[in-house]
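K.L.:
Residues 1239 to 1461 (our numbering) make up the sequence shown, in order.
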Amino acid sequence: MPTLLHLDSSPRAGSVSRQISGEFAEAWRKANPEGTYVYRDLAADHVPHVDDAQIEVMHRLETEGVRDLAVARTAAQTPEEKASWAVTWPLIEELLAADTILLGVPMYNFSVPSTFKAWFDRVLIAPLIADPATGQGPLSGKKVVVASARGGAYGPGTPRHDSDHQERYLKAALGMVGLAADLTFLHAELTKSAHVPRLAQFQEMAAASYQAALEGARTHGAA
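1. Note down, in chain order, each residue of its chain lying with its Cβ closer than 7 angstroms to the Cβ of residue 1407, except the 5 sequence neighbours on either side.
2. Taking the alpha carbon of residue 1442 as the reference point, which residue from 1360, 1384, 1453 and 1429 has its own alpha carbon closest?
3. Leaving aside the five residues before and after residue 1265 along the sequence, list all residues of the same chain whose C-beta is less than 6 angstroms from its C-beta, in chain order.
4. Assuming residue 1368 and residue 1296 form a contact by the criterion Cβ under 8 angstroms, report the distance between their Cβ atoms to the nearest whole angstrom.
5. Which same chain residues end up closer than 6 angstroms to residue 1346 when comparing Cβ atoms and leaving out the 5 residues on each side of it in sequence?
6. Locate the beta strand (DSSP E) running through residue 1381, then write down its first and last residues.
7. Ordered along the chain, which non-local residues of its own chain (more than five positions away) have a Cβ less than 6 angstroms from that of residue 1291?
8. Would you say residue 1447 and residue 1438 are within 9 angstroms of each other, going by their C-beta atoms?
9. Ignore the nearest five residues each way along the sequence and tell me which others in residue 1277's own chain have a CB closer than 7 angstroms to its CB.
10. What is the residue span of the alpha helix (DSSP H) that residue 1410 lies within?
11. Here's the rule: buried if 16 or more other CB atoms are within 10 angstroms of the residue's CB, otherwise exposed. What is residue 1269?
12. In the stretch 1325–1397, which residue ranges form an unbroken beta strand (DSSP E) of at least 3 residues, counting only runs that do not cross its ends?
13. Confirm the yes/no value for this check: CB of residue 1319, any heavy atom of the ligand ATP, distance under 8 angstroms.
14. Can the beta-carbon of residue 1451 be found closer than 9 angstroms to that of residue 1418?
15. Give me the Cα-Cα distance between residue 1260 and residue 1282, rounded to the nearest whole angstrom.
16. Measuring CA to CA, which of 1370, 1376 and 1314 is closest to residue 1335?
17. Within this structure, are the beta carbons of residue 1343 and residue 1384 separated by less than 9 angstroms?
18. Need the endpoints of the alpha helix (DSSP H) that residue 1246 sits in, please.
19. Where in the stretch 1243–1284 do unbroken runs of the alpha helix (DSSP H), each at least 4 residues long, occur, reported from the N-terminal end onward?
20. Determine which residues share a DSSP beta bridge with residue 1440 and list them.
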């Protein structure tokens, strides 16, 4: 049976990114009634930032060239490392088990929320990194959908296109672990037009962008 891993990172309960990811999740569950749905709210249930203990484990895996996940699972040695690894490993297991990964990630200050970054820094361990020669890794073949909300407009041709470090970062970061081959972005742009006076003139464009993102979520979720 297929498994959907759904992560939200916005601290706002009714955020646009949560609305879009919610539409995808609802469509997916209708299309996969026997599937497994795993949800993690990274804002309500923070993943602790990477600490010295985890870095020690990750450095050891890199130094020893460990690629075997079974070996990595028991790589922690000291009590501090084991405590930190006990936070990290369930996150990795969720990733490995998922067929589809749904990421609710708004743009914050041209990039991603720290709640998302803390999660990703935990799961990016050496054995998950794709082989540079083949581009393949343990996570290859999974479908990834990013439900995104941006206060302004950052698409090609817009004045702030060069300031889009959200999509570019996610493509690069997810590509490191072989998750960029089947990667879809559902952007709702100009969301700040609803409350920033100087952007009020773009409210119709914002509404169209939001509706397109919702429709894309329903379509991709049901696929």
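Glycine residues also receive a C-beta, built at the ideal position from the N, C-alpha and C atoms.
Because the structure is a prediction, the values reported are computed rather than measured.
P.N.:
In this structure, then:
1. To locate residue 1407, count along the sequence shown from 1; it is residue 169. 1349 and 1350.
2. Counting from 1 along the sequence shown, the entry for residue 1442 is found at position 204. Ranked by Cα distance from residue 1442, the first of 1360, 1384, 1453 and 1429 is 1429.
3. By one-based count along the sequence shown, residue 1265 stands at place 27. Once the five neighbours on either side are set aside, the close Cβ partners of residue 1265 are 1456, 1459 and 1460.
4. Locating residue 1368 in the sequence shown gives position 130, where the first residue counts as 1. Locating residue 1296 in the sequence shown gives position 58, where the first residue counts as 1. Not quite, the Cβ-Cβ distance comes to about 16 angstroms (not below 8 angstroms), so this is no contact.
5. Taking the sequence shown and counting its residues from 1, one reaches residue 1346 at position 108. Correct list: empty, nothing qualifies.
6. Walking along the sequence shown from the start, residue 1381 turns up at place 143. Here the beta strand (DSSP E) through residue 1381 covers 1381–1387.
7. Mapped onto the sequence shown, residue 1291 falls at position 53. Around residue 1291: 1318, 1319 and 1322.
8. For this step, residue 1447 is matched to residue 209 along the sequence shown. For this step, residue 1438 is matched to residue 200 along the sequence shown. No, Cβ-Cβ distance for residue 1447 and residue 1438 is not below 9 angstroms.
9. For this step, residue 1277 is matched to residue 39 along the sequence shown. The residues 1244, in chain order, have a CB closer than 7 angstroms to that of residue 1277 in the same chain once the five nearest residues on each side in sequence are set aside.
10. In the sequence shown, counting from the first residue as 1, residue 1410 sits at position 172. In the DSSP annotation of this structure, the continuous segment of the alpha helix (DSSP H) that includes residue 1410 starts and ends at 1405–1414.
11. To locate residue 1269, count along the sequence shown from 1; it is residue 31. Looking at its Cβ environment, which holds fewer than 16 other Cβ atoms inside 10 Å, residue 1269 is exposed.
12. Counting whole runs of 3 or more residues, the stretch 1325–1397 contains the beta strand (DSSP E) stretches 1338–1342 and 1381–1387.
13. Among the components of this structure there are no ligands whatsoever, and the ligand ATP is therefore not found.
14. Your numbering for residue 1451 matches position 213 in the sequence shown. Your numbering for residue 1418 matches position 180 in the sequence shown. No, the Cβ-Cβ distance between residue 1451 and residue 1418 is not below 9 angstroms.
15. Your numbering for residue 1260 matches position 22 in the sequence shown. Your numbering for residue 1282 matches position 44 in the sequence shown. Cα to Cα, the separation comes out at about 16 angstroms.
16. Numbered from 1 along the sequence shown, position 97 holds the residue referred to as residue 1335. Out of 1370, 1376 and 1314, 1376 has the C-alpha closest to the C-alpha of residue 1335.
17. Along the sequence shown, one-based indexing puts residue 1343 at 105. Along the sequence shown, one-based indexing puts residue 1384 at 146. Their beta carbons are under 9 angstroms apart, which means residue 1343 touches residue 1384 by this criterion.
18. Position 8 of the sequence shown, counted from the first residue, corresponds to residue 1246. Counting along the chain, residue 1246 falls outside any alpha helix (DSSP H), though it belongs to the beta strand (DSSP E) covering 1241–1246.
19. 1254–1269
20. Mapped onto the sequence shown, residue 1440 falls at position 202. For residue 1440, which the question treats as bridged, DSSP gives no partner whatsoever.
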